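What follows is a short report on a single structure.
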Amino acid sequence: MSDLLNQLALAASKPGQPGVLFETADRVLQERFGHKLFTLLAFHPESGEVERLYSSRPDAFPLQGRKMMGPTEWGARVLHKGEAYLGRSVEDIRWAFPDHELIASLGLGCILNRPLVWNGEVLGVLSLLQEGEGRYSEADLEDATPYTSLLLPGYLKLKFEAS
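One gets the numbering used here by counting positions in the sequence shown from 1 and adding 5 to each.
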């Protein structure tokens with residue numbers, strides 16, 4: 006296991022969850038993939054909304070902010086089918102997200118989304134955004150898989166507490 010994956014795995018054993026796990030993920034993902042914005046979104050299938058559980062830029066993307074994504078084409082792919090999404094350009098972001106103008110205003114031009122899936126159910130989405138276009142690749146999308154899986158305990162804790 007790589008050192009970064011090991012750091013993320015060990016973070017789950019520390020007190021202060023899920024915050025410690027999510028903050029460690031921010032640092033580890035920054036080192037591995039680079040990002041100007043990192044968010045973790047929870048999916049609420051009953052409303053079709055996603056809710057921010059973590060944001061590396063709470064000034065622009067505050068926690069608990071919600072947006073309707075379930076009934077969109079992006080939502081059909083990522084939230085309902087559990088497929089990853091790679092947006093390589095500003096146009097790809099415009100296609101996928103209603104807040105594309107805010108995203109573009111921060112100079113962000115590419116996005117990597119990995120759904121967090123447990124027992125066949127999409128619990129949420131890991132989202133990395135970078136400046137410029139074409140900064141993430143298909144290989145990055147695949148390489149993000151184990152990092153995403155290591156975030157599941159944090160999501161399950163929040164889901165359990167909400168029930």
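All C-beta atoms in this analysis are idealised placements derived from N, C-alpha and C, irrespective of residue type, glycine included.
Remember, predicted model here, so these are calculated numbers, not experimental data.
- Residue state for L68 is assigned as coil, using DSSP reduced to three classes.
- Counted as a single uninterrupted DSSP element, the stretch harbouring E88 is not any beta strand (DSSP E), since DSSP gives it neither H nor E.
- If you compare the alpha carbons of C115, G53 and L134 with that of F43, the shortest gap goes to L134.
- With 16 or more other Cβ atoms inside 10 Å of its own Cβ, R140 counts as buried.
- Spanning the alpha carbons of R37 and L46 requires a straight line of approximately 20 Å.
- In the three-state reduction of the DSSP assignment, A149 falls in the coil class.
- Inside the region 95-148, DSSP marks whole alpha helix (DSSP H) runs of 4 or more residues at positions 95-101, 105-110 and 143-148, from first to last along the chain.
- Apart from the 5 residues on each side of it in sequence, A17 sits with its Cβ closer than 6 Å to the Cβ of L26 and P158 in its chain, given in chain order.
- Taking the Cα positions, L155 is about 25 Å away from K72.
- Residues L9, Q12 and L13 of the same chain have their beta carbon placed closer than 6 Å to that of V33, with the five preceding and five following residues left out of the count.
- Sorting S110, D104, G112 and L91 by C-alpha distance to the C-alpha of P120 places L91 at the top.
- Only residues of its own chain outside the window of five on either side were considered, and among them F38 and L117 have a CB closer than 7 Å to the CB of D145, listed in chain order.
- Around the beta carbon of W100, fewer than 16 other beta carbons lie within 10 angstroms, which makes this residue exposed.
- In this structure V127 is in contact with G87, their Cβ atoms being roughly 5 Å apart against a cut-off of 8 Å.
- Under a 10 Å Cβ-count criterion, T150 is classified as exposed, with fewer than 16 other Cβ atoms of the shown protein chains found around its own Cβ.
- Where A81 is concerned, there is no enclosing alpha helix (DSSP H), because DSSP gives it neither an H nor an E.
- When K164, Y59 and V95 are compared, the shortest CA-CA separation from G24 is found for Y59.
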